[in-house]
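Heads up: the protein sequence lines correspond to chains Y and B, in order.
Numbering follows this note's numbering, with no gaps: position 69 of the first sequence is 63.
Numbering follows this note's numbering, with no gaps: position 172 of the second sequence is 166.
No residue lacks a Cβ here, since even glycine has one placed at the ideal position from N, Cα and C.
Here the structure is a predicted model, which means the values were calculated and not measured.
2 protein chains.
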Amino acid sequence: MPWVKTFDTDEVLEKAGVMFASKGFEATSISDLTQAMGINKGSLYHAFGSKRDLFEAVLRKDVMGRQATAFRQLEGMSDPVAAILAIFDGAIAQHEGSPPNAGNLIIITALDLPEHSDGVRDIVKLAVRNLETLFARLIDQGHESGAISGTTGRDCTAKALVALITGCRVFARGTYEVADLLDIKNCALKLLGVNAKLDACEQVA
Amino acid sequence: MPWVKTFDTDEVLEKAGVMFASKGFEATSISDLTQAMGINKGSLYHAFGSKRDLFEAVLRKDVMGRQATAFRQLEGMSDPVAAILAIFDGAIAQHEGSPPNAGNLIIITALDLPEHSDGVRDIVKLAVRNLETLFARLIDQGHESGAISGTTGRDCTAKALVALITGCRVFARGTYEVADLLDIKNCALKLLGVNAKLDACEQVA
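Structure (structure tokens):
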């Protein structure tokens, strides 16, 4: 009898992603994965190949799926500054009670990038460049509308926003309080030259 | 015969730290540790207790030792802006060929903070607050000397610098090129209001 797939690929990849994000690639065993995904070992190997191949599939699905959808929504927002702030709010919302998520999986993998396959490395680089490109487009929109200062360099500011968001995600899980993360968000506005909201980040003379 | 310690505690903790940073807490086994540290299992348990206790000792040693020494040197520098840039250069130097290091161990642990003991959580928070405090003191010095703009808020800028450094460290291991990381460093200067070095981060009108 030929092998028949009896599970939803997106759903089991999602569950594998949560497992990888919670234990890390190295510490996640095949039996952790079969348990989390609710499929047996034979089905896992048949459908996805090795643990390394499965990991690559999880990351690719996240970047092409969840990230792409979220980014289309953000690019469609009429106020580019609001869209940038929404990205920060999403990172700040990853507090200590939240389950490990895909954004954090990219960070964990980036920290250990030299140990991963070329395929995984390419996906991590793509995910980070996608976020950077989104910020760059929003900055362009802000330049056009006048919401973002004309002296704000697009490309380097986009990279700095990627770094700030990453710091928020790393420390949102209990290291920093929400008030600390909001301070970081205010500095993102300062970097953009959005003057209206700078009060919190300005020194009282 | 009473148990006699035949190893240098600092040295074996250092080696345990490299192992934890390379595999992560969960994936690091006791035999990984005994091999890396060059001591047997009995000595490890006798001297340090459980894997969790050893991890706490590794982090504490790093924060109280390496971090404290480095910070004293930086606070002693006469030019606070140069000291801040030196911290960025240190993070940027963590390229893909570098071995996993203690700064990255703090980041990996922060990403997974809810899973760790109270002791570990306290040390991670302390390490991050120490870095923030160092930045805050350097900003104070820069305010006094006039090197840093008086409109740069001390506390929120210090936190944003912590976040920017974290982003640099996460992406320095192969995700970003050195040029990208230097762009982020330039944005740190912009955030500080250090006008002399802003060219690279300014939009050409």
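Cutoff 8 angstroms: residue i Cβ touching any chain Y Cβ
i, result
"Val118 of chain B", "yes"
"Lys55 of chain B", "no"
"Thr151 of chain B", "yes"
"Phe165 of chain B", "yes"
"Asp174 of chain B", "yes"
8 angstroms Cβ cutoff, residue i in contact with chain B
i, result
"Asp83 of chain Y", "no"
"Glu90 of chain Y", "yes"
"Ile178 of chain Y", "yes"
"Gly136 of chain Y", "no"
"Glu5 of chain Y", "no"
Cβ-based neighbour list, residue i, same chain, cut-off 6 angstroms, excluding 5 preceding and 5 following
i, result
"Lys55 of chain Y", "Leu7"
"Thr22 of chain B", "Met13, Phe14"
"Asp26 of chain B", "Met13"
"Ala199 of chain B", "Confidence at Ala199 of chain B is low in this model, with a pLDDT of 33, below 50, so its placement is unreliable and the value that follows should be read with caution. No residues qualify anywhere along the chain."
Within chain B, partners of residue i - CB distance below 7 angstroms
i, result
"Gly168 of chain Y", "Leu107, Pro108, Arg115"
"Gly161 of chain Y", "Val156, Ala157, Leu158, Thr160, Gly161"
Contact list for residue i against chain Y, beta-carbon separation under 7 angstroms
i, result
"Lys184 of chain B", "Leu185"
"Lys18 of chain B", "Per the sequence shown, the amino acid found at residue 18 of chain B is Gly instead of Lys. Those within 7 angstroms of Gly18 of chain B in chain Y are Gly18, Glu20, Ala21."
Cβ-based neighbour list, residue i, same chain, cut-off 7 angstroms, excluding 5 preceding and 5 following
i, result
"Ile178 of chain Y", "Leu158, Gly161, Cys162"
"Arg131 of chain Y", "Glu69"
"Asp149 of chain Y", "Ala130"
"Asp193 of chain Y", "No answer about Asp193 of chain Y holds up, because its pLDDT of 46 lies below 50 and its placement is not dependable."
"Ala166 of chain Y", "Ala85, Ile86, Gln88, His89, Leu175"
"Gln61 of chain Y", "Ala121, Asn124"
"Gly97 of chain B", "Arg163"
"Thr151 of chain B", "Ile133, Leu185, Leu186"
"Ile33 of chain Y", "Phe1, Val6"
"Thr28 of chain Y", "Asn34, Lys35, Leu38"
"Lys(-1) of chain B", "Ala41"
beta-carbon residue i near the ligand MG non-hydrogen atom, thresh 7 angstroms
i, result
"Glu69 of chain Y", "Only the bare structure without any ligand can be found here, which leaves the ligand MG out of the picture."
Short Cβ contact (8 angstroms threshold) for residue i with residue j
i, j, result
"Phe65 of chain Y", "Leu105 of chain Y", "no"
"Val57 of chain B", "Gly136 of chain B", "no"
"Leu125 of chain Y", "Val156 of chain Y", "yes"
"Gly18 of chain Y", "Ile102 of chain Y", "yes"
"Ala182 of chain Y", "Phe82 of chain Y", "yes"
"Gly91 of chain Y", "Thr145 of chain Y", "no"
"Gly11 of chain Y", "Leu99 of chain Y", "yes"
"Gly140 of chain Y", "Pro108 of chain B", "no"
"Ile24 of chain B", "Lys45 of chain B", "yes"
"Leu185 of chain Y", "Lys153 of chain B", "no"
"Leu53 of chain B", "Leu38 of chain B", "no"
Cutoff 8 angstroms; reference residue i; Cβ partners in own chain excluding five residues on either side
i, result
"Glu50 of chain B", "Ser111, Gly113, Val114, Ile117"
"Ala30 of chain B", "Lys9, Ala10, Val12, Met13"
"Glu80 of chain Y", "At residue 80 of chain Y the sequence reads Ala, which differs from the Glu that was named. So the qualifying residues of the chain are Leu68, Met71."
"Ser143 of chain Y", "Leu186, Gly187, Val188, Asn189"
"Gly172 of chain B", "Reading off the sequence shown, one finds Val at residue 172 of chain B, where the question assumed Gly. The answer, listed in chain order, is Ile86, His89."
"Asp4 of chain Y", "Lys55, Gly59"
Worksheet item: Using a beta-carbon distance cut-off of less than 7 angstroms, what residues from the stretch 98 to 130 of chain B approach chain Y?
Response: Answer set for the stretch 98 to 130 of chain B: Asn98, Ile101, Ile102, Ala104, Leu105, Leu107, Pro108, Arg115, Val118, Lys119, Val122.
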